[in-house]
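Engineer: In my numbering, each residue's number is its place in the sequence shown (first place is 1) plus 7. Provided herewith is a single structure, encoded as structure tokens, for subsequent inquiry.
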Amino acid sequence: MLNVDGRARVMPPETSGRYFAVSPFPQRLSSPRSSATPRMNVLLDLYGVLLDHEKMFRGYRERLAELLTARFGGDPDAWRRAHDEAWVTYVQRVNATDWESRGYADVVDELDARHLAEMFDRAGVRAPRTDVLSVSRELEREAMARVNARYPDARTAIERLRAAGHKVYVATGGSETNDAALRGAGLIDLIDGIFTGHSQNAQKGQSRYWRDIPTQLATKPGDCVLVDDRLDYLEAAASVGILALLLDRKGAQRPEAMPSYVQATLRNLAGLPHWVELRAAPNLR
């Protein structure tokens with residue numbers, strides 16, 4: 008459902024229509040580059056880097072209540088209350104889960120199905136007779152596609168990277184429906200592929216999430232760079248050789264306390280294309 012990583016974080020649902028490592032999205036803005044300047048594979052976190060997770064969470068909550076009311080009846084306010092109450096128990100289950108003993112997909116699918124079933128119970132509406140998980144995924148995808156939570160600097164940065172010939176991917180700790188969030192943000196056609204908790208069957212804070220990504224992209228770890236707003240995710244990626252850039256939009260991290268695995272810190276995405284071009288220069292590789 009949300010950005011499940013073994014710890015609660017207020018982020019919107021992300022799960023349905025499975026994407027394995029690289030999704031065949033259109034690549035409209037890529038352009039030929041000189042062979043003297045190698046291509047980089049840029050991995051962008053979804054919530055916190057491309058999308059505002061708080062804006063998405065609020066928008067998703069509203070759209071979901073509208074969809075549930077239209078499809079199953081009840082009152083929108085009752086659905087919103089049911090969502091908020093069920094979310095509390097969802098977070099508790101996330102935090103109580105033993106993530107090492109089970110695969111990501113099994114855990115998240117079970118959590119998401121229980122969350123929707125509990126919403127129906129709290130709203131006093133009969134739950135659908137069909138597979139609850141499938142209904143959950145369908146609703147998540149439709150609700151997220153109706154919310155634009157894009158940060159103002161996201162689209163321009165991606166366009167500049169692609170125009171320079173670099174590949175741009177999304178790496179999220181969420182599940183399969185993240186393409187819907189990108190569609191709602193108007194970014195889907197600019198992304199070369201999506202890595203999710205489902206496609207990697209791991210959390211972003213685990214090295215096994217990142218270990219096979221360079222191979223899946225037919226490249227070396229040093230030709231991949233992750234831009235994320237969480238140090239634990241950057242550390243996991245760096246442990247397999249992927250370059251790590253911290254996006255610190257609020258200036259919360261002190262430069263003198265920055266871990267050695269962080270290559271650089273950005274306050275926004277405006278400077279990302281320039282950093283990637285410098286890194287891709289032959290004399291730095």
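Glycine included, C-beta positions come from ideal geometry on N, C-alpha and C. What you are looking at is a predicted structure, and each value in this text was computed from that prediction instead of being measured.
With contact counted as at least three CB pairs below 8 Å, one residue from each stretch, are the segment 242 to 254 and the segment 215 to 229 in contact?
Structural biologist: Yes, the segment 242 to 254 touches the segment 215 to 229.
Engineer: Taking 7 Å as the limit between beta carbons, can you name the residues of its chain near ALA120, skipping five residues before and five after?
Structural biologist: Excluding positions up to five away in sequence, the list reads VAL139, LEU140 and SER143.
Engineer: Need the endpoints of the alpha helix (DSSP H) that HIS164 sits in, please.
Structural biologist: The sequence shown places Ala at residue 164, not His. That run of the alpha helix (DSSP H) goes 161 to 170.
Engineer: List, from N- to C-terminal side, the alpha helix (DSSP H) runs of 4 residues or more that fit wholly inside the segment 60 to 136.
Structural biologist: Correct list: 60 to 79, 83 to 103 and 111 to 130.
Engineer: One question on the structure: do GLY181 and GLN210 come within less than 8 Å of each other, judged by their Cβ atoms?
Structural biologist: No, these two residues do not count as a Cβ contact at 8 Å.
Engineer: Please report the straight-line C-alpha distance between ARG25 and THR184, rounded to a whole angstrom.
Structural biologist: Because ARG25 carries a pLDDT of 26, less than 50, the predicted location of this residue cannot be relied on, and the following value inherits that uncertainty. So the two alpha carbons sit approximately 8 Å from each other.
Engineer: Please return the same chain residues whose Cβ sits closer than 8 Å to the Cβ of GLY191, not counting the five positions on each side in sequence.
Structural biologist: For GLY191, where only same-chain residues beyond five positions count, the Cβ hits under 8 Å are MET151, ALA152, ARG153, VAL154, ASN155 and ALA156.
Engineer: Rounded C-beta distance between ALA178 and ASP52? I'm assuming under 8 Å.
Structural biologist: Going by Cβ atoms, the distance from ALA178 to ASP52 rounds to 6 Å, so yes, they are a contact pair.
Engineer: Which ranges would you report for the alpha helix (DSSP H) in the segment 142 to 226 if only whole runs of at least 4 residues count?
Structural biologist: DSSP runs (the alpha helix (DSSP H)) wholly in the segment 142 to 226: 161 to 170, 185 to 191, 204 to 207, 214 to 218 and 220 to 223.
Engineer: Go through its chain and collect everything with a Cβ distance to PRO39's Cβ below 8 Å, but skip five positions before and after it.
Structural biologist: Any reading at PRO39 must be qualified, since the residue scores a pLDDT of 41, below 50, and its modelled position is unreliable; the value itself is stated next. Hits under 8 Å: GLY172.
Engineer: Determine the extent of the alpha helix (DSSP H) in which VAL283 is found, giving its start and end residues.
Structural biologist: 279 to 287 is the span of the alpha helix (DSSP H), which, as asked, contains VAL283.
Engineer: Using CA coordinates, which residue listed in GLN207, PRO262, ARG167 and ASP82 is at the minimum distance from HIS281?
Structural biologist: The shortest C-alpha separation from HIS281 is found at ARG167.
Engineer: How many whole angstroms separate the CB atoms of MET47 and VAL232, which I take to be in contact at a CB cut-off of 8 Å?
Structural biologist: Right, their Cβ atoms sit about 6 Å apart.
Engineer: Once the 5 residues before and after ASN275 are set aside, which same chain residues still bring their CB inside 7 Å of it?
Structural biologist: Excluding positions up to five away in sequence, the list reads ASP160 and ARG256.
Engineer: Determine, using beta carbons only, whether TYR176 and VAL49 come nearer to each other than 8 Å.
Structural biologist: Yes, the Cβ-Cβ distance between TYR176 and VAL49 is below 8 Å.
Engineer: How is ALA271 classed by DSSP in three states: helix, strand or coil?
Structural biologist: Of the three classes helix, strand and coil, the one that applies to ALA271 here is strand, per DSSP.
Engineer: For the beta strand (DSSP E) containing ALA251, name the first residue and the last one.
Structural biologist: That run of the beta strand (DSSP E) goes 250 to 254.
Engineer: Which one of THR137, ASN208 and ALA89 has the shortest CA to CA distance from GLY110?
Structural biologist: Out of THR137, ASN208 and ALA89, ASN208 has the C-alpha closest to the C-alpha of GLY110.
Engineer: Can you give me the Cβ contacts of VAL132 inside the same chain, cut-off strictly under 7 Å, excluding the 5 residues immediately before and after it?
Structural biologist: Excluding positions up to five away in sequence, the list reads PHE79, GLY80 and GLY81.
Engineer: Starting from LEU238, follow the alpha helix (DSSP H) in both directions and report where the run begins and ends.
Structural biologist: Unbroken alpha helix (DSSP H) run through LEU238: 238 to 245.
Engineer: DSSP state of ASP235, grouped into three classes?
Structural biologist: Three-state DSSP puts ASP235 in a strand.
Engineer: Considering only the alpha carbon of each residue, which of LEU197, THR104, LEU118 and GLY278 lies closest to ALA93?
Structural biologist: For the residues LEU197, THR104, LEU118 and GLY278, the minimum Cα distance to ALA93 belongs to LEU118.
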